[in-house]
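Quick note on numbering: the sequence shown equals residues 166 to 256 in our numbering.
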Amino acid sequence: MYYSNYAVFAALALYIVVMISIPFRIKKNGREGFAGKDRSFWIREILIFTGSPLLIILCLFVHFELVPTIALCGCGVLAAWAGVQELFPKQ
């Protein structure tokens, strides 16, 4: 097993944590902010939330060295986090 796969599994775990935080944020902030969003916003959010894990999983099949793997997986996790921040902006 490649050492870079550990970075992929850690990134997947972080991605899952970010996704699990969404229902808790909905409970805290409510759904009022969702009503004013247009179609392009939702398409962008769907692409972010589906593209992020694909970027992370890509590193399992294309074996890079450790540092590029960490960089790509980090981009996937940061993209998911940024998507959540767009859903629930600070008041």
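The beta carbon of each residue, even a glycine, is placed where N, CA and C say it ideally should be.
Between ALA245 and PHE214, how many whole angstroms is the CB-CB distance? I'm expecting something under 8 Å.
Counting from one through the sequence shown, the residue named residue 245 turns up at place 80. Counting from one through the sequence shown, the residue named residue 214 turns up at place 49. ALA245 to PHE214, Cβ: 7 Å. Contact.
Just to confirm, is the Cβ distance from ALA176 to VAL227 under 8 Å?
As a working mapping, residue 176 is identified with position 11 in the sequence shown. As a working mapping, residue 227 is identified with position 62 in the sequence shown. No.
Classify LEU212: buried if its beta carbon has 16 or more other beta carbons within 10 angstroms, exposed otherwise.
Stepping through the sequence shown from its first residue, residue 212 is reached at position 47. LEU212 should be labelled exposed.
Starting from the N-terminal side, write out each stretch of the beta strand (DSSP E) that is 3 residues or longer and does not extend beyond the region 211 to 246.
none
Which residues bound the alpha helix (DSSP H) around TYR171?
On the sequence shown, residue 171 is found 6 positions in, with the first residue counted as 1. From DSSP, the alpha helix (DSSP H) with TYR171 extends over 169 to 194.
Would you be able to state if there are at least three C-beta pairs under 8 Å between the region 221 to 235 and the region 167 to 183?
At 8 Å Cβ cutoff, the stretches touch.
Less than 8 Å between C-beta atoms, sequence neighbours within five positions excluded: which residues of the same chain meet that for LEU237?
As a working mapping, residue 237 is identified with position 72 in the sequence shown. Around LEU237: LEU220, ILE221, LEU223, CYS224, PHE229.
Considering only the beta carbon of each residue, do GLU197 and LEU252 sit closer than 8 Å?
As a first step, residue 197 must be located in the sequence shown, where it is residue number 32. As a first step, residue 252 must be located in the sequence shown, where it is residue number 87. Against a cut-off of 8 Å, the Cβ pair of LEU252 and GLU197 comes out as no contact.
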